[in-house]
Amino acid sequence: MNDFEIKKWGRRIVEQQATTIRLPCSFFDLINDDVKMTLKRHADGEIKIRNNENLCLNSIVMRKLFQPVLGAIKAHLKALLDEPRLSKVTVMLLVGEFANSLLLQEGFKKEFSSRCNVVYPCLTPPATGWDAPPASTDHCLEADLARVKYYRNSVYGHVRQNMEIKDDSQFLFLWREISETLVRIAGQIHPSKKHDWQVAINKFLKDPLTTEDERYVQELLDWYRRDLEVKKYVEELQETTLHITEQLQRVAEGETPVNQAIKEKWKTLGKQLGT
Numbered sequence: 001m002n003d004f005e006i007k008k009w010g011r012r013i014v015e016q017q018a019t020t021i022r023l024p025c026s027f028f029d030l031i032n033d034d035v036k037m038t039l040k041r042h043a044d045g046e047i048k049i050r051n052n053e054n055l056c057l058n059s060i061v062m063r064k065l066f067q068p069v070l071g072a073i074k075a076h077l078k079a080l081l082d083e084p085r086l087s088k089v090t091v092m093l094l095v096g097e098f099a100n101s102l103l104l105q106e107g108f109k110k111e112f113s114s115r116c117n118v119v120y121p122c123l124t125p126p127a128t129g130w131d132a133p134p135a136s137t138d139h140c141l142e143a144d145l146a147r148v149k150y151y152r153n154s155v156y157g158h159v160r161q162n163m164e165i166k167d168d169s170q171f172l173f174l175w176r177e178i179s180e181t182l183v184r185i186a187g188q189i190h191p192s193k194k195h196d197w198q199v200a201i202n203k204f205l206k207d208p209l210t211t212e213d214e215r216y217v218q219e220l221l222d223w224y225r226r227d228l229e230v231k232k233y234v235e236e237l238q239e240t241t242l243h244i245t246e247q248l249q250r251v252a253e254g255e256t257p258v259n260q261a262i263k264e265k266w267k268t269l270g271k272q273l274g275t
């Protein structure tokens with residue numbers, strides 16, 4: 001269904017053109033003559049099967065597929081905007097993967113543009129996609145946004161298990177890479193912003209920590225130590241569980257009787273689990 005995931009955001013829906021989706025042969029093996037006759041009788045011109053390889057859906061069918069979810073989203077946002085505390089909202093920013101849908105953008109502009117500015121993404125993914133680091137020579141806006149996302153995940157979010165920055169040289173390297181990226185993005189907003197951001201970033205690097213900053217640093221260190229303790233505990237628990245599983249497997253296969261070592265392991269596991 002990857003082909004469908006890509007094409008469902010496409011321009012063909014809003015331009016009233018058919019969307020062709022390539023599907024595996026195993027899918028068409030499930031379609032017998034009765035299904036084909038039903039499609040021809042009730043959906044002729046709307047849904048077609050070509051060469052037992054492509055499923056063709058016209059724009060009306062594609063719109064019907066997404067009408068329930070789009071209708072629910074618009075109704076929810078309309079209810080929110082009708083609340084008195086949100087009466088001064090002037091900008092609606094669409095984010096997330098669904099925001100790339102031209103169908104959603106079209107519907108939101110019709111529904112809400114008279115009330116507020118609807119801002120939606122209009123960038124194409126860089127060559128390496130949104131989830132991978134771009135080439136070091138690629139400095140376009142899309143690549144820089146992907147670069148910020150990558151560094152956020154790998155350094156701050158440590159999704160790749162990068163739990164710490166090893167030394168000052170690595171810190172300065174990451175600082176330079178990230179700050180240069182942010183300055184380029186600022187330049188895309190307005191040329192004057194590029195200088196302002198560069199000055200602010202340099203000041204942020206060189207200024208001494210305030211009392212509040214030091215408190216935040218201590219909180220981060222405490223959080224980091226707790227994270228390491230949890231990681232160590234989980235590793236020990238996994239090791240104990242694996243050992244017990246191997247011993248029980250041997251017992252089940254009749255290779256060795258239950259011995260005192262296994263009992264001790266069970267006791268250890270029970271203590272770790274707090275039982």
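The numbers in the UniProt record's numbering rise by one with no breaks, and the one at position 70 of the sequence shown is 70. Ideal Cβ positions, reconstructed from N, Cα and C, are used throughout, including at glycine. Since this is a predicted model, take the numbers as computed values, not measurements.
Cβ-Cβ separation, residue j to residue i (assumed contact under 8 Å), whole Å
| i | j | result |
| --- | --- | --- |
| R147 | T181 | 5 Å |
| V217 | L209 | 7 Å |
| R63 | L103 | 7 Å |
| I201 | S179 | 5 Å |
Alpha-carbon to alpha-carbon, residue j and residue i
| i | j | result |
| --- | --- | --- |
| residue 295 | R250 | In this structure the chain extends from 1 to 275, so residue 295 is not present and cannot be described. |
| L23 | I47 | 14 Å |
| Q198 | D207 | 14 Å |
| S192 | E97 | 31 Å |
| K74 | S26 | 37 Å |
| L242 | V234 | 12 Å |
| K203 | D213 | 14 Å |
| Y120 | A18 | 24 Å |
| I21 | P68 | 21 Å |
| K194 | L141 | 14 Å |
| D82 | A72 | 16 Å |
| T211 | L237 | 39 Å |
Sheet register partners of residue i (DSSP bridge)
| i | result |
| --- | --- |
| T19 | L57 |
| I49 | L55 |
| N117 | V91 |
6 Å CB neighbourhood of residue i in its chain, flanking five on each side removed
| i | result |
| --- | --- |
| V118 | M92, F108, K109, F112 |
| P134 | P126, T128, A143, A146, R147 |
Cβ neighbours of residue i in the same chain (closer than 8 Å, five flanking residues each side left out)
| i | result |
| --- | --- |
| V159 | Annotation note: pLDDT 44 at V159 (below 50); position unreliable, coordinate value reported separately. Result list for V159: N153, in chain order. |
| G187 | K193, K194 |
Minimum C-alpha distance to residue i - residue among the options
| i | options | result |
| --- | --- | --- |
| E106 | T19, N202, R12 | R12 |
| residue 281 | E177, T241, Q170 | No answer is possible for residue 281: the residues shown for the chain start at 1 and end at 275. |
| V14 | C122, G45, N58 | N58 |
| K88 | Q67, L103, C116 | C116 |
| D131 | S114, H195, K149 | K149 |
Other residues of its chain near residue i: CB distance less than 7 Å, five sequence neighbours each side excluded
| i | result |
| --- | --- |
| L86 | L80 |
| R184 | H139, D144 |
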